[in-house]
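Here's the structure, in structure tokens; my notes come after.
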Amino acid sequence: IKTFRAEKKLQQAALAFIVHNLASRDEIQELRNIFLSFDTNGDGNLSEPAMYDWNGIYFSNTESSTMSSTVFNNVQIKYSEFGLKIKAGTLTNIDFSFNNVGLFLLGEDPMTISDITFVSNGVDLKLGGNRELALSEYTFDTSEIAVVTQDNSHLICNDCNFIGGEYGIMVNGDSDLTLTNSLIENYTSAGIFNQSVSQTFSPEPGDNEINISNSEIRNNDIGIEFGGDGYGAIVNNSIHDNVAFGAKIL
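The numbering used here runs 3 ahead of the 1-based position in the sequence shown.
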């Protein structure tokens, strides 16, 4: 025990010597600033990373030739406000985790995505600005909202799994959804939610159209909820064991 106490005192003395003699005042201040940058809530401890720690990555270039050459491969994007916001390019093997919005796709320019993983985001995937996206054999789980569509976008899903959260797919504005051979389960609000635009909105062909076929929608609070502006076809689906409603049409 005496040997241990002696070694401990020697270590403390060595650390004190380094701090007081080898570090200048400016160096100490720099080290303090570095520590404070990791203490984001000011409690004196290193803070855990969290959503909104940074804004995200946004490509605003409108030139199609420039955007189409943008490539993201083997990337992790975490703890941001909107993750990656992009209009065109190639996205491969990307992990979106703990973002407010993981991936936000805009525009009509060519877009190729593959091997994308979403974990514990506020919204996994958001579509807008006339973006049409076809997904096959994708699984969305652990996030509050899997997909949000808006602004004339169109989500096409075949053989996809939406498993747990608050909402599975939110179809907003005059965007569209085509869902086939897919599973939607365990959402605390609604598996598919079509948000009403306004009482005076009259959808034109191709606007706010929801087509669901050969899919299973189960164990949600509400399986499918249509706002006043939604229309489409629900054909040959298994809708069962939803708590409040299998399908709710407003």
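Note that CB positions come from ideal geometry on N, CA and C, so glycine has one too.
Given the structure is predicted, the values throughout are model-derived calculations rather than measurements.
If I measure Cβ to Cβ from residue i and keep anything under 7 Å in the same chain, skipping five residues before and after, which residues do I get?
i	result
ASN184	ASN161, ASP162, ASN217, SER218
ILE1	Only positions 4 to 253 of the chain appear in the structure, and residue 1 is not among them; the question remains open.
What three-state label does DSSP hand residue i in the structure shown?
i	result
ASN36	helix
ASP162	coil
ASP224	coil
ASP179	strand
LEU29	It is Asp, not Leu, that sits at residue 29 in the sequence shown. Here ASP29 sits in helix by DSSP.
ALA247	coil
SER216	strand
LEU253	coil
GLU147	coil
SER156	coil
GLU140	coil
Residue i to residue j, Cα distance in whole Å?
i	j	result
ASN164	ASN240	15 Å
ALA137	GLY167	21 Å
ASN274	ASN189	Absent from the structure is residue 274, since the part of the chain shown begins at 4 and ends at 253.
GLY176	ASN96	30 Å
ASP118	LEU108	16 Å
PHE85	ILE242	33 Å
MET289	ARG35	An answer regarding residue 289 cannot be provided, because it is not within the stretch 4 to 253 covered by the chain.
VAL238	ILE220	12 Å
LEU94	THR73	8 Å
PHE196	SER123	20 Å
SER139	TYR55	30 Å
Only counting the same chain, and skipping five residues up and downstream in sequence, which positions put a Cβ closer than 6 Å to that of residue i?
i	result
ASP98	GLN79, THR120
THR142	ASN164
ASP127	GLY105, PHE121, PHE143, SER146, ALA149
ASP179	HIS157, GLU212
ASN222	GLU188, ASN189, ASP244
ALA236	ASN214
ILE159	ALA137, THR181
ASN133	GLU111, ASN155
THR152	LEU130, LEU158, VAL174, SER178
Quick one: measure Cβ to Cβ for residue i and residue j, integer angstroms, because I've assumed they're closer than 8 Å.
i	j	result
ASP224	ALA247	5 Å
GLY59	LYS90	Incorrect: roughly 14 Å between the Cβ atoms, too far for contact.
GLY254	ASP154	Because the chain is modelled from 4 through 253, residue 254 falls outside the range shown and cannot be assessed.
PHE62	LYS81	No, PHE62 and LYS81 are not in contact; Cβ-Cβ is about 19 Å, not under 8 Å.
Report task. Just list the beta strand (DSSP E) runs in the stretch 50-132, keeping only unbroken ones of 3 residues or longer that don't cross its boundaries, in chain order. Result -> Complete beta strand (DSSP E) runs here, min 3: 74-81, 87-89, 92-100, 104-108, 114-122, 126-130.
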